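Visitor: Protein chains in written order, with full-length UniProt numbering: chain U, 1 to 449; chain S, 1 to 720.
All C-beta atoms in this analysis are idealised placements derived from N, C-alpha and C, irrespective of residue type, glycine included.
Computed from a predicted structure; not experimentally measured.
The structure is given below, and queries will be raised subsequently.
Written out as structure tokens, the structure reads:
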């Protein structure tokens with residue numbers, strides 16, 4: 001079968017999975033729908049049927065598809081220096097607290113700007129985990145499952161992009177400032193991995209073709225119809241689909257190249273006052289870019305802020321990172337609210353675990369899985385609510401006993417997925433056909449609007 | 001000579017005034033031998049011509065120097081017929097070494113690529129030798145590995161793919177040993193040899209080339225000192241890499257290299273190996289950071305990750321330490337092996353503790369910074385407050401397993417009475433009475449010098465022939481560089497790809513890796529011999545393509561060669577080389593080398609560089625596809641450039657369109673096109689086909705497009 005990437009002419013070819021990877025523009029949907037109306041053969045394609053259904057659902061509801069912005073605090077932020085301070089107690093440390101726009105709710109004084117936006121948020125102060133190692137805990141928090149050597153679970157953004165095809169021309173799943181732990185597609189396939197970018201101050205390079213369109217298209221046709229079949233012949237099963245991802249990658253690149261939405265990456269288009277509000281640092285600029293990307297239809301943006309792993313000098317490290325977070329998240333929530341996007345955009349802020357109440361001999365706090373905090377806002381999350389609490393002096397023998405209304409990481413995932421309009425209990429098929437629920441947790445009803 | 005008076009009125013802007021001013025300037029910068037007014041016009045013209053001629057000659061000479069080697073050599077591109085006759089002439093040459101010499105002596109520059117003698121020399125004592133003993137040893141090891149490879153496949157019920165053709169194997173060698181594909185020049189040269197000799201000849205050329213030395217030096221530096229800039233004043237990364245390249249050129253024994261690194265002393269600019277320690281100065285308060293050095297040492301030289309033990313004991317069962325039974329099978333006496341096999345408690349692995357980590361770190365407190373003297377060796381003195389302990393405690397240098405191989409620590413009798421003695425230098429201590437801790441317990445150390453510093457003790461232990469985990473770590477590194485991914489290991493969760501620096505002691509090596517480990521030790525830690533052993537094995541020679549359904553299990557068991565994503569520098573290196581007919585090496589023109597350097601850095605910045613985690617397999621990203629589709633390097637490589645680019649040279653000298661397609665395939669993908677490919681692209685080059693395009697294209701444009709297509713194929717960016 002001949003393969004063409006000229007989507008404006010409506011060719012679909014063998015790119016079913018690639019097309020699902022978040023690259024479908026409105027134009028593509030329309031052209032496919034026209035094709036479907038014209039050709040009964042294509043109606044047999046389950047992909048085409050699904051595409052039509054998705055487009056019709058979108059047209060019927062009249063609502064923009066929901067998006068999620070994950071502010072990923074890598075390294076383990078201390079709940080005591082951020083969302084759950086206990087100043088003046090045995091383990092409170094040097095941090096103070098500050099009143100927020102919510103009555104009787106105080107957060108650490110490291111985040112005064114966020115305190116003014118807390119009425120938009122729900123705060124879960126009672127998350128309990130099972131993984132105390134960074135790598136394993138990151139996996140658990142990003143996928144909702146504990147690491148399993150036989151299976152890699154997908155991240156929230158991948159599940160969201162896998163569920164439907166609504167969204168932008170540019171990649172619908174983007175990780176800004178990501179390190180090695182950027183969200184992946186897991187068993188859904190690497191085509192759902194996040195597109196990684198750096199500081200938005202830098203332009204998005206290499207998105208312009210160097211020859212005219214017809215010549216470029218001839219190049220791609222020969223590449224995909226002559227070279228690629230020759231390479232896959234006789235080699236490992238599904239080489240193209242599961243490993244090289246050549247077709248999906250090339251198609252994604254082509255779609256990105258032709259998109260007007262590329263300007264969403266360019267935060268320099270914003271007024272100086274807006275740039276200043278987000279802070280003059282990569283994280284702040286990335287939060288601003290995340291907002292702009294969501295505005296053009298990107299479904300999931302993950303923004304990473306590291307520097308939280310404070311085994312030594314906890315107060316200093318946490319204060320510094322919290323200050324950076326404060327500027328970015330407060331400006332982000334304010335902007336989304338002002339633009340009416342907070343209803344369709346879920347903002348989640350948290351890390352892989354919290355930090356110990358006890359301050360170790362080096363002035364640091366170590367990893368703590370028995371009660372830490374995650375902030376959620378928008379996207380159908382109840383405003384101005386706090387779920388759960390932790391006691392100021394946990395018992396070392398029963399560390400979970402001090403956690404009131406504990407919430408597991410799968411519970412968090414179920415809540416997030418539910419808020420995004422996805423049924424957490426729906427089963428997805430792994431490559432070997434093993435049914436796997438999107439999440440095995442329970443929705444935290446108290447924080448649902 | 002009359003003095004020159006610059007009596008120019010600055011307010012006078014007339015042309016005459018400017019002319020006078022220019023004359024004065026000219027006279028100031030030239031030698032005013034005679035008054036210009038007095039010299040006849042024809043003489044002045046002659047002098048002017050002479051000066052310009054001289055300038056032109058100088059410019060030409062400079063250009064010639066900078067661009068030497070740039071000119072295309074048609075005979076290097078299209079000489080298959082000659083190659084065939086050369087093969088015929090050489091058919092009676094049986095000795096590979098003699099053949100290489102024949103190549104070296106060939107007048108045709110196209111065949112005289114990096115002439116090497118494959119015979120051993122005094123300067124390369126542990127290198128390739130053609131002695132019957134060495135050959136038979138290699139054959140024995142290769143034979144044993146082949147048997148184990150076959151047995152492994154049989155035990156898993158897997159069928160093996162056929163052996164790959166010589167060009168494919170040579171491409172794998174080039175990618176692994178030099179970080180590029182084959183050049184057309186190399187291919188033509190190899191085609192002159194009997195087919196049976198081509199792979200070995202190519203391998204030996206690579207092993208003796210500077211490209212290999214520098215490429216492996218860069219890879220080695222990454223796991224020894226990382227890929228970061230390091231502290232500005234105290235670290236010279238380039239100097240360190242150059243030194244490593246020199247060690248590869250000299251074929252320094254691996255154990256000797258490790259000893260030099262661990263025990264390095266002096267100034268980092270004068271003694272490059274010291275940079276192994278000074279790269280940690282930024283976190284060590286302008287002194288070596290024992291914590292980082294301990295973590296680096298365990299990962300790099302032991303293939304064990306115990307970083308987490310820095311902060312807490314292992315409570316997750318991730319770090320098992322101790323004398324595993326498989327470690328004891330080399331060099332141990334029968335009683336020990338018997339005890340290990342019977343589950344003697346001594347050989348049962350235990351969970352790692354903080355003490356394991358900090359005992360290793362203690363060795364590195366023996367290295368201290370002494371200002372202008374650089375790094376000096378002193379007696380280790382390390383204290384640490386373990387988690388939840390009330391106070392710091394002194395930590396004795398020790399190792400996490402095979403402790404009987406660690407030489408005893410000499411005890412200075414005055415230490416107990418005088419704390420100041422702790423600061424005494426190694427030499428000073430050596431002059432004093434030294435008593436070993438347990439002199440009777442370690443008679444095997446009798447041959448050692450009377451005094452060993454703590455770092456020397458660690459180096460001795462790390463490089464001890466009975467320290468199999470350390471040798472296994474080196475073998476795994478080399479294997480990973482050659483295959484692009486670590487060898488598979490059997491785990492509790494099944495047969496999986498391993499990790500290059502995480503080889504748990506409770507996961508014994510596969511029989512093939514164990515054989516290679518023992519052969520590596522037996523060979524005197526000879527890296528080149530290890531490379532030969534691995535690349536002679538069927539695991540390296542087997543095809544990645546088979547006529548049965550190939551699964552991941554086939555790849556893990558090496559029933560087929562694994563299809564792996566090339567690392568960033570390999571993609572860049574292959575693309576840069578594909579743009580040239582001749583091999584790019586240190587003898588290439590200055591222009592070419594400069595361009596290569598710039599292109600490589602630009603490409604890596606955009607395409608992404610995994611730094612020291614370069615063996616992590618990552619799926620292709622949209623960014624990478626964009627770089628390949630629209631990036632500068634690919635565009636420049638494919639575009640017409642009659643001076644530099646292979647595609648233009650091929651266009652100029654090809655006999656016909658079929659020749660163009662065949663030669664471009666060889667240059668970029670290092671293989672011949674299939675019939676379908678040949679037919680398709682020859683058709684595209686025809687005038688009729690080109691005129692059908694909208695707008696019509698030139699032959700040059702079609703050749704550019706073909707080059708671009710080949711460079712953008714999966715095949716180009718993946719090892720197979």
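So, does the CB of residue 246(U) fall closer than 9 Å to a CB anywhere in chain S?
Guide: yes
Visitor: For residue 301(U), which beta-bridge partners are listed by DSSP?
Guide: 69(U) and 174(U)
Visitor: Which runs of the alpha helix (DSSP H) fall wholly inside the segment 142-219 of chain S and span at least 4 residues, in chain order?
Guide: 166-178, 184-191 and 195-207
Visitor: Take residue 263(U) and list the residues in its own chain whose beta-carbon comes closer than 7 Å to its own, dropping the five residues that flank it on each side.
Guide: 269
Visitor: On the criterion of 16 or more Cβ atoms from any shown chain inside 10 Å, does residue 652(S) qualify as buried, or is it exposed?
Guide: exposed
Visitor: Taking DSSP as the reference, what is the three-state secondary structure of residue 162(U)?
Guide: Judged by DSSP in its simplified three-state form, residue 162(U) adopts helix.
Visitor: Tell me the residue span of the beta strand (DSSP E) that contains residue 401(S).
Guide: Taken as a continuous stretch (DSSP letters only), residue 401(S) belongs to no beta strand (DSSP E), as it is neither H nor E.
Visitor: So which residues on chain U does residue 555(S) lean against when the C-beta distance must stay under 9 Å?
Guide: Within 9 Å Cβ-Cβ: 236.
Visitor: Applying a beta-carbon distance threshold of less than 7 Å, which residues of chain U neighbour residue 296(S)?
Guide: In chain order: nothing, as chain U lies at least about 18 Å away.
Visitor: Check whether the Cβ atoms of residue 370(U) and residue 400(U) sit closer than 9 Å, and answer yes or no.
Guide: yes
Visitor: List the residues of chain S whose Cβ lies closer than 7 Å to the Cβ of residue 223(U), in chain order.
Guide: 709, 712 and 713
Visitor: Check the Cβ of residue 703(S) against every Cβ in chain U and list those closer than 8 Å, keeping chain order.
Guide: Those do not exist, as residue 703(S) stays about 12 Å from chain U at its closest Cβ, beyond 8 Å.
Visitor: Nearest CA to the CA of residue 115(U): which residue from 145(U), 265(U), 98(U) and 212(U)?
Guide: 98(U)
Visitor: Judging by CA-CA distance, which residue of 359(U), 336(U) and 302(U) is the nearest neighbour of residue 177(U)?
Guide: 302(U)
Visitor: For residue 198(U), count neighbouring C-beta atoms within 10 Å of its own C-beta (all shown protein chains included) and say buried if the count is 16 or more, exposed if not.
Guide: exposed
Visitor: Note down the Cα distance separating residue 238(U) from residue 140(U), rounded to an integer number of angstroms.
Guide: 28 Å
Visitor: If we count Cβ pairs, one from each stretch, closer than 8 Å, do we get three or more for the segment 196-209 of chain S versus the segment 565-575 of chain S?
Guide: no
Visitor: Would you report the Cα separation of residue 484(S) and residue 242(S), rounded to the nearest angstrom?
Guide: If you take the alpha carbons of residue 484(S) and residue 242(S), they lie about 24 Å apart.
Visitor: For residue 376(S), report the span of its beta strand (DSSP E) as first-last.
Guide: 375-377
Visitor: Considering residue 498(S), what are the terminal residues of the beta strand (DSSP E) in which it resides?
Guide: From DSSP, residue 498(S) is part of no beta strand (DSSP E); its letter is neither H nor E.
Visitor: Residue 322(S): buried (16+ other C-beta within 10 angstroms of its C-beta) or exposed?
Guide: The residue in question, residue 322(S), is buried, as its Cβ has 16 or more Cβ neighbours within 10 Å.
Visitor: Closer than 9 Å, CB to CB, is residue 57(U) near chain S or not?
Guide: Its pLDDT being 47, under 50, residue 57(U) is placed unreliably in this model, and the value from its coordinates should be taken loosely. Judged by the 9 Å Cβ criterion, residue 57(U) is not in contact with chain S.
Visitor: What are the start and end residues of the beta strand (DSSP E) that includes residue 436(U)?
Guide: 435-437
Visitor: Ordered along the chain, which non-local residues of its own chain (more than five positions away) have a Cβ less than 6 Å from that of residue 186(U)?
Guide: So the list reads 152, 153 and 154, once near-sequence residues are dropped.
Visitor: Which residues mark the beginning and the end of the beta strand (DSSP E) in which residue 371(S) is found?
Guide: Segment: none, residue 371(S) is in no beta strand (DSSP E) and carries neither H nor E.
Visitor: Is the CB of residue 622(S) under 9 Å away from at least one CB in chain U?
Guide: yes
Visitor: Please list, in chain order, the chain S residues whose beta carbon lies closer than 7 Å to that of residue 313(U).
Guide: Result: empty, since nearest Cβ-Cβ is about 13 Å, beyond 7 Å.
Visitor: Alpha carbons only, please: which of 406(U), 318(U), 433(U) and 386(U) is nearest the one belonging to residue 104(U)?
Guide: 386(U)
Visitor: Assuming residue 235(S) and residue 275(S) are in contact, meaning their beta carbons sit under 8 Å apart, how far apart are those beta carbons, in whole angstroms?
Guide: 6 Å
Visitor: When we look at the beta-carbon of residue 233(U) and count the other beta-carbons within 10 Å, is it buried (16 or more) or exposed?
Guide: exposed
Visitor: Taking C-beta to C-beta, are residue 447(U) and residue 122(U) nearer than 9 Å?
Guide: yes
Visitor: What three-state label does DSSP hand residue 584(S) in the structure shown?
Guide: coil
Visitor: Straight-line CA distance for residue 168(U) to residue 213(U)?
Guide: The straight-line gap from Cα to Cα measures roughly 22 Å.
Visitor: In chain S, which residues lie with their C-beta within 7 Å of the C-beta of residue 231(U)?
Guide: Under the 7 Å cutoff, chain S gives 713, 714 and 715.
Visitor: According to DSSP, is residue 311(S) part of a helix, a strand, or is it coil?
Guide: The three-state reading of DSSP puts residue 311(S) in coil, since its state is none of H, G, I, E or B.
Visitor: Going by DSSP, what residue range makes up the beta strand (DSSP E) through residue 196(U)?
Guide: 195-197
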